[in-house]
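For the sequence shown, the working numbering begins at 1 and goes up steadily by one.
Note that beta-carbon positions come from the ideal geometry of N, C-alpha and C, so glycine has one too.
Reading through the structure tokens given below for one structure.
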Amino acid sequence: MNGELMAAEMAEQPEVLHRLVERRDEVAGRVRALMPGSLAGITLLARGSSDNAAIYGRYILEMAARRPVGLGALSIHTLYRAPVDLSGYLAVGISQSGETPEIVTALGRLGEQGACTVAIVNSVGSALSAVAGLTVELGAGEERAVPATKTVTATLLALALVAKGLGVVAWNDTELGSLPDRVSDLLADQGCAETVAALLDGADRLIVTGRGLLLAAALETALKLRETSGILAEGISPADLRHGPIAAVGEGFPVLDFAAEAADPGAAELLALLRERGARVLTVGPAAGAACPLPRGLAPALLPILAVVRGQQLAAAVARRRRLDPDAPAGLTKVTPTH
């Protein structure tokens, strides 16, 4: 199919996001009504691209709710079946298909153990919806390409809307409302992805890094590159990179860095260190001189949605350059039935 499905689904993102933005007060209100009288904490359940979205959720939900947020260890509930008291907790299950067995099982058990439960899904009437107290439907329509695109950005936005129901968020309605048009502008600008893909020609491994909220974009971009082109791409935070893995970075090693607009001395120090080691550093962000630019002036909490779109463009461009079909990567299926 040569990537036509992935490209078409990427192009649908502005409209999908627009419909979700229009539902922002409805979703936030339903979340607010579900909450326990005293929220103790939040746990997120996910796999694959949804797991990367959950990393984003961990940041924005904790900042809004001012309660601890963690990623749930699914095996505790599916393999070990350990009893856990989740009274006062919110549990959020994230699955585009809504059919991943271990997510369904874990969310159901968390509900049985006292948690208020929310499902974020794209499929109406899914198994995950059936075990949740509240379902936030993405409304993205059928996604046929194996690499998830429109459902990923919709999931990020859905998590932002859930955060709005939990407390004060770090963006305003004007910034939120501008997202669909900003994504349209990015999709119209394919040139930088092609340029970066050319610079990665011949690479068989890559580090993708991003700090804080942008870690989700780094992880998702690494996954998309692995899926579509077979590059052994690893997403990692700058701090974790410095704690040992940087030893694998040497002359000519490619590093893709997602950087925020605000000055970050720690990130700048890491990039300087990578360059000293001879790494070929390519940046994605709002700063001048970025290999792939992102818009300036957007709230940092919303920037990862745009960064994920850039990652999609890059993954598709790398696959095309390698004469691979990103719609149907070898050995992968749309739904992975892990238990």
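With distances taken between CA atoms, L134 lies nearest to G93 out of G93, A145, P147, A106. Look at the segment 87 to 141 and you find these whole runs of alpha helix (DSSP H), each 4 residues long or longer: 101 to 112, 127 to 130. For V284, DSSP records a beta bridge to F258, C292. L5 sits in a helix when the DSSP states are folded into three classes. Taking a C-beta distance under 7 Å as the contact criterion, I103 and V69 do not qualify as a contact pair. Annotation: the continuous beta strand (DSSP E) that includes L71 extends over 69 to 71.
Excluding sequence positions up to five before and after A64, its CB lies within less than 6 Å of the CB of A163, L166, G167, V169, all in the same chain and listed in chain order. Excluding five sequence positions before and after P295, the CB atoms of its chain that fall closer than 6 Å to its own CB belong to R182, given in chain order. Around the CB of R205, fewer than 16 other CB atoms lie within 10 Å, so the residue is classed as exposed.
From the listed residues V146, P300, A222, the smallest Cα separation to M10 is found for V146. Between L156 and I305, the CB-CB gap stays under 7 Å. The beta carbon of D85 sits closer than 8 Å to the beta carbons of Q113, G114 from its chain, once the five residues preceding and following it are set aside; these are given in chain order. S50 is not a Cβ neighbour of G98, given a cutoff of 7 Å.
Excluding sequence positions up to five before and after L256, its CB lies within less than 6 Å of the CB of V208, L282, all in the same chain and listed in chain order. Looking at the DSSP output, L44 bridges to L71, V92.
As far as DSSP is concerned, I60 takes part in no beta bridge. One thing to note: G210 has its Cβ within 7 Å of the Cβ of A218.
In the displayed model, V318 falls within a helix according to three-state DSSP. Excluding five sequence positions before and after R67, the CB atoms of its chain that fall closer than 6 Å to its own CB belong to L39, G41, given in chain order. Bridge partners of T209 according to DSSP: I236, D257. Assignment of D181 by DSSP, reduced to helix, strand and coil, places it in the helix class.
The three-state secondary structure of M10, taken from DSSP, is helix.
In this structure, L215 lies near S237, with their beta-carbon atoms less than 7 Å apart. Cβ neighbours of S75 within its own chain (closer than 7 Å, five residues either side excluded): none. The shortest CA-to-CA distance from P293 to any of A46, I60, A193 is the one to A193.
Using a Cβ distance threshold of 7 Å, K224 and A315 count as a contacting pair. Between I231 and A203 the beta-carbon gap is near 6 Å, inside 8 Å, which marks them as a contact.
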